[in-house]
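So the structure is just underneath, and the comments pick up after that.
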Amino acid sequence: MIDKPWFDTAPPHAVRVIASLREYRTAEQAMRRRTRESMRMGEADLRALKFLLKAQEDERLTTPVQLGAHLGMKSSSVTAMLDRLTASGHVSRHPHPTDRRSITILATPGADEEVRHTLTAMHRRLLEVAAELGPERSRTVVAFLSQVTALADRD
Amino acid sequence: MTTDDKRPAPHYWYSAETDRERAIDVLEHIRAYGAADSAMQRRSEKTMRMNENDISALRYLLRAHERGLTVGPRELAEYLGIQSSSITVLLDRLEKAGHIRREPSPFDRRALIIIPVVPTSELHKAILGDVREELVEVASSLTPEDAETVVEFMDRLRDAVDHIDNPATSAEQAKVRSAD
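Keeping their order, the protein sequence lines are chains A and B.
Under our numbering, think of the first position of the first sequence as 1, with each following residue one higher.
Under our numbering, think of the first position of the second sequence as 156, with each following residue one higher.
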């Protein structure tokens, strides 16, 4: 006897839930590729700029070593990334005020604008959708997602 | 008003309004789920899922088809965020598998349009694919009402995500707006 596929035996509401999760994930992955494309930047570049902009907002200086530690990248890869982001005008390198052997990195106002624009447009839209849920349904969604996340983390 | 100092400060691109914290929390859970799901996909290379790109492409084509819209290779490449050289490879593969057909555009004979010939039920099965028993258990344990809440929310979030940075849907929205 051939095993029936799971979606023929599971309750219909469970099938609908799993399909909606899957479809969301494929849409999200396509969106991530689009936003990367339009920014001509990789995921690591974007994370680096976000880190630099946050540090600048808190008036902290960032060295290549700190950036590498945050991104989990080797110093040679950090150098290559900074060369690229310097050439594209997203960051600039400056002498370190207290450590002559080190340098500090600043994100340029143009980079600030670009990251802000991409992220705010995206987050505003998604926040609107999440806000429409209201407290009770938010709890339902959060509880379910926590279970599913724990499941994916395990194995 | 009290502030909870142990909570991480909201990133600057979020509005700091407290009434948004709940929505941010929901999105944070979505993000965590996405990260866990991606990591799991990378670990289980052997699973015979249809390629994510293929699913995205067919889903986009079927939805456009239902609304009576035609889609060309360029629009599809833009939606998927891939190069036009890669879209040809993808379309060749889908055509060979009998999922799509390429036809000359009725409006421009030099241009091509892509017709999905895969039945929606077939795509649905590909999307569902193989899942872990535990996931089916978790989903089954929801009450039908709670399941409806989750499905509605995921679908709305998916539609919002589909509009982000998508030249085709932006143009469509502009048309709708100017028609008002």
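The C-beta atom is built at its ideal place from N, Cα and C for all residues, glycine as well.
TODO: Compare the C-beta of B:H254 against all C-beta atoms of chain A and say whether one is closer than 8 Å.
DONE: no
Task: Environment of B:A194 [buried if 16+ CB atoms lie within 10 Å] - done: exposed
Task: Three-pair Cβ contact test at 8 Å for the segment 128-139 of chain A versus the segment 274-293 of chain B - done: no
Task: Residue from B:E288, B:E300 and B:H318 with nearest C-alpha to A:R137 - done: B:E300
Open item on the list: Can you look up B:I210 in the DSSP assignment and give me helix, strand or coil?
Closed with: helix
TODO: Select from A:F7, A:S146 and A:L106 the residue whose C-alpha is nearest the C-alpha of A:K50.
DONE: A:L106
Task: Collapsed DSSP secondary structure at B:S170 in the structure displayed - done: With a pLDDT of 41 at B:S170, under the threshold of 50, the predicted position of this residue should be treated as unreliable, though the coordinate-derived value follows. Coil, per DSSP.
TODO: Please determine, among B:S260, B:D310, B:L297 and B:D209, the residue with the shortest C-alpha to C-alpha distance to A:A10.
DONE: B:L297
Task: alpha helix (DSSP H) runs contained entirely in the segment 81-149 of chain A, provided each spans 4 or more residues - done: 109-131
Open item on the list: With the cut-off set at 8 Å, would you say A:Q29 and B:E207 are in Cβ contact?
Closed with: yes
Task: Collapsed DSSP secondary structure at B:R257 in the structure displayed - done: strand
Task: Which of helix, strand or coil DSSP assigns to A:P5 - done: coil
- [ ] Determine the DSSP secondary structure at B:P271, reduced to helix, strand or coil.
- [x] strand
- [ ] Could you list which residues in chain B have their beta carbon closer than 8 Å to that of A:H90, in chain order?
- [x] Chain B residues near A:H90: none, gap ~17 Å exceeds 8 Å.
- [ ] Compute every distance between the C-beta of B:R214 and the non-hydrogen atoms of the ligand FMN, then say whether any falls below 7 Å.
- [x] Questions concerning the ligand FMN fall outside what the structure shown contains, since it holds no ligand whatsoever.
Task: Spatially closest choice to B:V273 from B:A302, B:P228 and B:R218, by CA coordinates - done: B:R218
Task: N-terminal and C-terminal residue of the alpha helix (DSSP H) that B:R248 is part of - done: S239 to K251
- [ ] Apply the 10 Å Cβ neighbour rule to A:F144 and answer buried if 16 or more other Cβ atoms are within range, or exposed otherwise.
- [x] buried
Open item on the list: In this structure, how does DSSP classify B:L297 when only helix, strand and coil are distinguished?
Closed with: coil
Task: Coarse secondary structure for B:K201, derived from DSSP in three states - done: Per-residue confidence for B:K201 stands at a pLDDT of 46, beneath the threshold of 50, marking its modelled position as unreliable; the derived number appears in the next sentence. Looking at B:K201 - three-state DSSP - the assignment turns out to be coil, as it is neither helix nor strand.
TODO: At 7 Å on the CB atoms, spell out the chain D contacts of B:R311, in chain order.
DONE: Annotation note: the requested chain D is absent from the structure, which comprises protein chains A and B.
Task: B:R264: first and last residue of the uninterrupted alpha helix (DSSP H) it sits in - done: Premise fails: B:R264 is in no alpha helix (DSSP H) and is neither H nor E.
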